[in-house]
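Asks: Quick one: structure below, then a few questions.
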Ligand SMILES: [Fe+2]
Ligand SMILES: [Fe+2]
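Encoded structure:
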């Protein structure tokens, strides 16, 4: 892959079938039957680079995904949380967990985002970072007055004041509270400010190059092409519109 390589499926109309997850229950479902009926020599389902998206480098790095794939709110939210942790003198484990805590929301998946985010990064960071990324999600729902953490006012707005988290969230939060790495995940929740607090300042992924270089095991083949247990997740973010 290089930036002057030809677009795939040249000369054809490339139809995009949205992933079931972005489709189901929305009332705006794509009509699979109609699209299948349009298939002919000129109409195919998209595979490979989508010209509507920036082209990824041959060997994508973590920060390439921040630059070329993640939505703006996610980029600023993650970089902002990381920067606040660094500015407070937190160690690299805490700051790295902040950088990655919502990474699945960048362009992959929102439900159970802490659990997904932990799996996406697990092969490339230390175990404590992965753990904190996973458990920040349940711990967000649980106040800890001893460290000044309250149930987020933003969650009252997002979900309604009477929202009750499901049993698995309460179970996993309870487990996390009694774990040796509790404070690492708890600190993530403390630096995890609401997205609208991050809009005042724009953060630049390039400013985090050295920090990421120290704390993320970048595979030489590029993320997506290294045959780790998470490679397919990175490839899905490179080619989010692939039919299969
Ligand atoms: Fe989160
Ligand atoms: Fe967050």
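Numbering (our numbering), first residue to last: 1101 to 1344.
Glycine is no exception: its CB is placed at the ideal position from the N, C-alpha and C atoms.
Are the CB atoms of residue 1146 and residue 1115 nearer to each other than 8 Å?
Replies: Cβ atoms of residue 1146 and residue 1115: closer than 8 Å.
Asks: Please state whether the Cβ-Cβ distance between residue 1214 and residue 1194 is less than 8 Å.
Replies: Result no, Cβ atoms of residue 1214 and residue 1194 do not sit closer than 8 Å.
Asks: Are there any heavy atoms of ligand 4 lying less than 7 Å away from the beta-carbon of residue 1271, as far as the coordinates show?
Replies: Ligands in the displayed structure: ligand 1 and ligand 2; ligand 4 is not one of them.
Asks: Only counting runs of 4 or more residues, tell me where the alpha helix (DSSP H) segments fall wholly within the stretch 1235-1308, in order along the chain.
Replies: Fully enclosed alpha helix (DSSP H) runs of 4 or longer: 1253-1259, 1267-1277 and 1282-1291.
Asks: Give a single yes or no on whether residue 1213 has its beta carbon closer than 7 Å to a heavy atom of ligand 1.
Replies: Yes, ligand 1 has a heavy atom inside 7 Å of this Cβ.
Asks: Which of the three DSSP states, helix, strand or coil, is assigned to residue 1343?
Replies: The answer is coil: DSSP assigns residue 1343 none of H, G, I, E or B.
Asks: Per DSSP, which one or two residues make a beta bridge with residue 1143?
Replies: Answer is 1113, bridged to residue 1143.
Asks: Leaving out five residues on either side along the sequence, give the residues of the same chain with a beta carbon under 6 Å from the beta carbon of residue 1101.
Replies: With a pLDDT of 47 at residue 1101, under the threshold of 50, the modelled position of that residue is not reliable, and no figure is offered here.
Asks: Going by other Cβ atoms of all chains shown within 10 Å of its Cβ, with 16 needed for buried, is residue 1106 buried or exposed?
Replies: Exposed is the call here.
Asks: Please tell me whether residue 1269 and residue 1249 are closer than 8 Å, where the distance is taken between their beta carbons.
Replies: No, these two residues do not count as a Cβ contact at 8 Å.
Asks: Could you compute how far the alpha carbon of residue 1330 sits from the alpha carbon of residue 1315?
Replies: Spanning the two alpha carbons is a distance of roughly 17 Å.
Asks: Can you determine whether any heavy atom of ligand 1 sits closer than 7 Å to the C-beta of residue 1293, and answer yes or no?
Replies: No, ligand 1 has no heavy atom inside 7 Å of this Cβ.
Asks: Can you tell which of 1254, 1288, 1212 and 1225 has the C-alpha that lies nearest to the C-alpha of residue 1247?
Replies: For residue 1247, the nearest C-alpha among the options comes from 1288.
Asks: Tell me which same chain residues have a C-beta within less than 8 Å of the C-beta of residue 1162, skipping the five on either side of it?
Replies: Excluding residues within five positions, the ones whose Cβ falls inside 8 Å are 1224, 1312, 1316, 1318 and 1323.
Asks: Residue 1207 and residue 1305 - do their beta-carbons sit closer together than 8 Å?
Replies: In this structure, residue 1207 does not lie closer than 8 Å to residue 1305 by Cβ.
Asks: Using only CA atoms, which one of 1202, 1133, 1128 and 1187 lies nearest to residue 1172?
Replies: It is 1202 whose Cα lies nearest to the Cα of residue 1172.
Asks: Could you check if residue 1196 is buried or exposed, using at least 16 other CB atoms within 10 Å of its CB as the buried criterion?
Replies: Classification of residue 1196: buried, given that the 10 Å Cβ count is 16 or more.
Asks: Please determine, among 1261, 1110, 1132 and 1170, the residue with the shortest C-alpha to C-alpha distance to residue 1336.
Replies: Out of 1261, 1110, 1132 and 1170, 1170 has the C-alpha closest to the C-alpha of residue 1336.
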